[in-house]
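Have a look at the structure below before the remarks.
Protein chains in written order, with the working numbering: chain X, 35 to 147; chain V, 286 to 400.
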């Protein structure tokens, strides 16, 4: 079955620095991935997604990289701001699992002023 | 505003009580989901409804009973819950789960505490 995990439970970065949050997945048939941000007291908020036919996708200050060879994806946040402090989840999906998302455990990003 | 509204935001109930959680989505989506989020655990999918029909029941105990009267509304009826059921219950929706390649949009959850 699918499992999606995160390398670190907590990441602390200085304001203005770049942040990199990593995620590994187990099922090579996974073909769609999403990054979510969850702030305290709120539900997960969609940040960016990527399909398996791509290896990079950029949004506003965020970039997701997908390495299918090693089954790894990362979320890069440029010029990290205090408002980026939250828990970040990756989620993966493959059609053989009924199109259901499998979520990782989350990484807490803390931004130091 | 996420387009997915959950009520109540907080709920405290005893193990013998009966209560319901409500979710409404204003996005015109066809699929709705219930998730359980416990401390330090990944999100756990509970139920999926696609065009009002339940398509997934992820081995959820019968003390949780979902109801989906239409594509915009989803309920989770609770009865005889256990302390370990205390968690954040999240509702989500997506346009069309058939293709799968689309994000789910989440509400802000109901924080449930079982006494």
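Backbone N, C-alpha and C define an ideal beta-carbon position, used for all residues, glycine too. Because the structure is a prediction, the values reported are computed rather than measured.
**Q.** residue 313/V, enclosing beta strand (DSSP E) - first and last residue
**A.** In the second chain, residue 313/V corresponds to position 28, counting from 1. From DSSP, residue 313/V is part of no beta strand (DSSP E); its letter is neither H nor E.
Q) Quick one: Cα of residue 40/X to Cα of residue 288/V, how far? A) On the first chain, residue 40/X is found 6 positions in, with the first residue counted as 1. On the second chain, residue 288/V is found 3 positions in, with the first residue counted as 1. Only weak support exists for where residue 40/X lies, its pLDDT of 49 falling under 50; the coordinates are left without a value.
Q) Grouping DSSP H, G and I as helix and E and B as strand, with all else coil, what is residue 393/V? A) Within the second chain, the letter at position 108 stands for residue 393/V. Here residue 393/V sits in coil by DSSP.
Q. What are the boundary residues of the beta strand (DSSP E) that includes residue 351/V?
A. What you label residue 351/V is simply residue 66 of the second chain in a count that begins at 1. Start and end: 349-355.
Q: Scan the stretch 82-132 of chain X and note each continuous beta strand (DSSP E) run of 3 residues or more that stays entirely inside, going in chain order.
A: Counting whole runs of 3 or more residues, the stretch 82-132 of chain X contains the beta strand (DSSP E) stretches 90-92, 96-101, 106-111, 120-127.
(Q) Can you list, in chain order, the residues of its chain with a C-beta nearer than 7 Å to that of residue 88/X? Leave out the 5 residues immediately preceding and following it. (A) Within the first chain, residue 88/X is the residue found at index 54, counting from 1. Sequence-distant Cβ neighbours of residue 88/X in its own chain, meaning closer than 7 Å and more than five residues away, are 100.
(Q) If we define contact as Cβ-Cβ less than 8 Å, is residue 392/V a contact residue for chain X? (A) Position 107 of the second chain, counting from 1, holds the residue named residue 392/V. The beta-carbon of residue 392/V is placed less than 8 Å from the nearest beta-carbon of chain X.
Q. Comparing alpha-carbon positions, which option in 389/V, 372/V, 328/V, 319/V lies nearest residue 398/V?
A. As a working mapping, residue 398/V is identified with position 113 in the second chain. Of the residues 389/V, 372/V, 328/V, 319/V, the one whose Cα lies closest to the Cα of residue 398/V is 372/V.
Q. Quick one: Cα of residue 108/X to Cα of residue 140/X, how far?
A. As a working note, residue 108/X is residue 74 in the first chain. As a working note, residue 140/X is residue 106 in the first chain. When rounded, the distance between both Cα atoms is 13 Å.
Q: Anything in chain V within Cβ reach of residue 76/X, meaning under 7 Å, just list it in chain order.
A: Here the question's residue 76/X lines up with position 42 in the first chain. Using a Cβ-Cβ cut-off of 7 Å, residue 76/X is close to 393 of chain V, given in chain order.
Q: Enumerate in chain order the residues of its own chain whose CB-to-CB distance from residue 48/X is below 6 Å, with the five nearest sequence positions on each side excluded.
A: Locating residue 48/X in the first chain gives position 14, where the first residue counts as 1. If we look at residue 48/X and ignore the five residues flanking it on each side, its Cβ neighbours are 146.
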